[in-house]
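First comes the structure, then the notes that go with it.
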């Protein structure tokens, strides 16, 4: 399959049910881990009328997880919502290196300041690196290390391997958030969708030419059929957990179960 | 497919990595939820040299989750390991009814005492029920309500729907635990197994005649290849998360991802 861009849509109400900050943190952690395991590029937190602080919290935690360990303290101010980030499992993805950099490595870095020579960047090495381009400061960007000697010289670049996800908080409802994202194929997941076992061939066929796949998830208070209310934007409406033994499947569970099934489809031989 | 019995094997070390009791509780909760979503009949906690208290904790939490709400206080003494059970999501499976029983319903009940007439059973109704058979007391068993009037009369019976899982703590290592369970087909899940996308037809074929499927999971400290050390008991060695974007997939994530893929295979049309 030729999917180049993989987006998932998560409701801001994801964490609204639980009052326990530690459990909320862990629950968002599951979403972040799932996204990284299955090579998701973008997570859109859509507005389903939850308290806007929920969306902010979800995106803070997701961004924290996606940020390499060596930049976290520099990027995330201490605040009480991030009190329990210590329990988050690490992503252990290629953009979170645990060893000192060598020449040719790719690294995410924080742009610190512009000088006459270019931009000074913190890439978590024993000294700051220099990029000869003028970049906007205080951003995390991706670089390749072209020289590592007395000076570290880097240039903006990304490797071919999975390189983490971006998180977007959308103030729009789901329908408008999807329109703004412009995916080729939109999959909605619902207990009321067609069982994946019945439409497997159809799903494979529809994904064949897709470049940008989006998968939507409902929330703890309402499923996607309620949220979209018949608005025509969905290409495939699927139940990815046919014959479920429980009355409901929670959002964080549905995301893992669904992306696992789509991983099989997207990598079919 | 004709699978009648579905068992998963979980290492006692599942929760050993985390020192936070609340997170440990939630993590086991994910396993219990996953088992119920995918209609697992039995969870075997095998001995992989973790502290035996871990296995006891895991089985306590799993049993707690599987026990109908109306029996929990009667069956589980207050103890500090169960301090955080309040954060566990309910299974919402058919054996956890939320309404008052009517005639013809199936219910799990706790056998309280034997009388001349039979056995007195607590089925969570407004009065105790009578089963005319002599049953051993202090056990949770399944019943059908044959009469519900001034007296509630029940008889031992189970419905056709998913009716929860049993949890077994095995003191044996994985190999001996599998031998004691006698499954037809044993599936080991490992990053080093064949990608599911390459052997999908073979897996489907091997499961066709199976009655008792067992799926094995490794732990946070060692994968199944290390644990089994070449012992010949596995029929299918599969990587259910091909192309993973993270270095490792955690046990609780692997269980959900794997059972989701097998749900697709087991219910294929």
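Chains as they are written, first to last, in my numbering: chain G, 72 to 340; chain Y, 72 to 340.
Even for Gly, the Cβ is constructed at its ideal location relative to N, Cα and C.
Just so you know, these numbers come straight off a predicted model, no measurement behind them.
Counting only Cβ-Cβ distances below 7 angstroms, residue 315/Y has contacts in chain G at 108, in chain order. Looking at the DSSP output, residue 177/G bridges to 215/G. Under the Cβ criterion of 9 angstroms, residue 339/G is counted among the residues facing chain Y. Interface criterion met: the Cβ of residue 165/Y is under 9 angstroms from a Cβ in chain G. In this chain, residue 100/Y is not harboured by any beta strand (DSSP E); it is covered by the alpha helix (DSSP H) spanning 92 to 108. Per DSSP, the unbroken alpha helix (DSSP H) holding residue 126/G starts and ends at 123 to 137. Contact of residue 178/Y with chain G is not assigned, every C-beta pair being separated by 9 angstroms or more. Secondary structure note for residue 279/G: its alpha helix (DSSP H) is the uninterrupted segment 267 to 279. A straight line joining the alpha-carbon of residue 320/G with that of residue 119/G spans about 18 angstroms.
Taking 9 angstroms as the cut-off, the Cβ atoms of residue 312/G and residue 331/Y count as close. Assignment of alpha helix (DSSP H) within the segment 226 to 264 of chain G, counting only whole runs of 4 or more residues, yields 245 to 252 in chain order. Under the 9 angstroms criterion on CB atoms, residue 331/Y is classed as interfacial with respect to chain G.
Scanning chain Y for C-beta atoms nearer than 7 angstroms to the C-beta of residue 91/G yields 158, reported in chain order.
Taking the Cα of residue 290/G as reference, the smallest distance to any Cα among 117/G, 76/G, 251/G and 109/G is reached at 117/G. Between residue 317/G and residue 126/Y, the C-beta gap is not smaller than 9 angstroms, which leaves the two residues out of contact.
At least 9 angstroms separates the beta-carbon of residue 193/Y from that of residue 171/Y.
One finds 104 and 160 in chain G with Cβ atoms closer than 8 angstroms to the Cβ of residue 321/Y, taken in chain order. Under the Cβ criterion of 9 angstroms, residue 258/G is not counted among the residues facing chain Y. Between the segment 203 to 212 of chain Y and the segment 238 to 255 of chain Y, the count of C-beta pairs closer than 8 angstroms stays below three; the two stretches do not touch. With 16 or more neighbouring CB atoms inside 10 Å of its own CB, residue 167/G falls in the buried class. Across the structure, residue 273/G and residue 297/G are spaced so that their CA atoms are roughly 24 angstroms apart.
Counting along the chain, residue 190/Y sits inside the beta strand (DSSP E) bounded by residues 189 to 193. Taking 8 angstroms as the upper bound for CB-CB distance, residue 100/Y and residue 183/Y are not in contact here, some 29 angstroms apart. Cβ proximity to chain G below 8 angstroms picks out 266, 267, 268 and 269 from the segment 238 to 269 of chain Y. Nearest CB-CB separation between residue 87/G and chain Y: not below the 9 angstroms threshold. Listed by position along chain G, the residues whose Cβ is nearer than 8 angstroms to that of residue 94/Y are 93, 97 and 158.
Nearest C-alpha to residue 132/Y among 110/Y, 162/Y and 109/Y: 162/Y. No Cβ-Cβ contact shorter than 9 angstroms links residue 230/Y with residue 139/Y.
When rounded, the separation of the alpha-carbon atoms in residue 73/G and residue 266/Y is 19 angstroms. Counting every other CB atom within 10 Å of its CB across the protein chains shown gives residue 137/G a total of 16 or more, marking it as buried.
Closer than 9 angstroms to the CB of residue 334/Y there is at least one CB belonging to chain G. DSSP, reduced to helix, strand and coil, places residue 112/Y outside both helices and strands of the structure shown, so it counts as coil.
Between residue 138/Y and chain G, the shortest Cβ-Cβ separation is not below 9 angstroms.
When CB distances to chain G are screened at a threshold of 7 angstroms, not a single residue of the segment 273 to 293 of chain Y falls below it. Residue 285/G is a Cβ neighbour of residue 257/G, given a cutoff of 9 angstroms.
Residue 336/Y carries a helical assignment under DSSP once its states are collapsed to helix, strand and coil.
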